[in-house]
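Just so you know, we're using our numbering here: the sequence shown kicks off at 2 and counts up by one.
Here's the structure, in structure tokens; my notes come after.
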Amino acid sequence: MKTINIAIDGPSGSGKSTAARNLAEDLGIEYIDTGAMYRAAAYKALRDGVPAEEAAIEKMLENSEIDFSGGRIYLDGADISGEIRALEVSAAASEISKFNSCRSRLVELQRRIAESKSVVMDGRDIGSNVLPDASYKFFITASIEKRAERRWKELQEKGEDATLEAVKEDLKQRDYNDTHRKLNPLIKTKDAVEIITDDINIEEVNELLKSYIKR
Ligand code: DC
């Protein structure tokens, strides 16, 4: 059977992960959250006191196993889906994702998953680098104000203690890192459909994505 791959890219807090998860569920295919993979690596580095330096992270990843199962992410066999959402993990993930060895290892894993089954994969470089031949490509974005507000609400609901201003600063820093890094920065490819989510809700984003796929 031919596999279908759908690539969804965009900045943090744009709603792309929720959109990707819903779309995968509706289509009955797997959702792969590549940001969660960078977060898993960052979480392990923070937990084990591994410095955010390329050689140290490379060595750590050689001895790490990152897997998805049933919508959860596992690091060395342990479910760390909750832990990786902390603000400090977000910042560290953005930091280590600029390392060549870290990216190439995770990208290889992402491509292997997409070859074996149909997926909706979301991240920063999916349409441009991981799956350049994806059947569909979307770029989901929103203003910094809207994105900060959404992230802040999510953190509040999880009982995380952060001010709206701190969340906005973190997003700005990550936007800068993600769009300015030398290797596979966040970009909208020419063949991606852009969706701006400032004034539309999750259901509307979902309908819009599906309407493109029907075409
Ligand atoms: O999507 P997210 O916020 O969970 O991603 C966390 C960090 O991982 C993000 O700041 C940049 C990095 N990332 C990346 O470099 N490439 C991807 N495909 C996905 C995420």
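We put the CB at the ideal spot given by N, CA and C, even for glycine.
- Contact between Ser-119 and Thr-4 holds, since their C-beta atoms are separated by about 5 angstroms, short of 8 angstroms.
- When secondary structure is reduced to three states using DSSP, Leu-28 falls in the helix class.
- Taking C-beta atoms under 8 angstroms as the contact rule, Leu-76 and Lys-45 qualify, at a distance of about 6 angstroms.
- When only Cα atoms are considered, Glu-63 and Ser-136 end up about 32 angstroms apart.
- Annotation: Ser-102 to Ala-92 spans about 19 angstroms, alpha carbon to alpha carbon.
- A residue is called buried when at least 16 other Cβ atoms come within 10 angstroms of its Cβ; Gly-83 does not meet this threshold and is exposed.
- With respect to the C-alpha of Lys-169, the residue from Asp-179, Ser-65, Arg-152 having the closest C-alpha is Arg-152.
- Just so you know, the alpha carbons of Val-108 and Val-51 end up roughly 21 angstroms apart.
- Rounded to the nearest whole angstrom, the C-alpha separation of Ser-70 and Gly-29 is 15 angstroms.
- Distance from the C-beta of Asp-179 to the nearest heavy atom of the ligand DC is below 6 angstroms.
- A Cβ-Cβ distance of about 4 angstroms is found for the pair Tyr-39 and Ala-94, placing them in contact under the 8 angstroms criterion.
- Pairing Glu-195 with Phe-140, the inter-Cα distance amounts to about 5 angstroms.
- Between Ile-74 and Ala-21 the beta-carbon gap is near 14 angstroms, outside 8 angstroms, which marks them as no contact.
- With respect to Arg-182, Lys-99 sits close: the two C-beta atoms are nearer than 7 angstroms.
- Restricted to the segment 37 to 114, the alpha helix (DSSP H) segments that are unbroken, complete and at least 4 residues in length are 55 to 63, 88 to 97, listed in chain order.
- One Cα belongs to Ile-67, the other to Glu-166, and the distance between them is close to 32 angstroms.
- Where Glu-161 is concerned, there is no enclosing beta strand (DSSP E), because DSSP gives it neither an H nor an E.
- In this structure, DSSP gives Ile-127 a helical state, which the three-state scheme calls helix.
- Around the Cβ of Asp-34, a 10 Å sphere holds 16 or more other Cβ atoms; the residue is buried.
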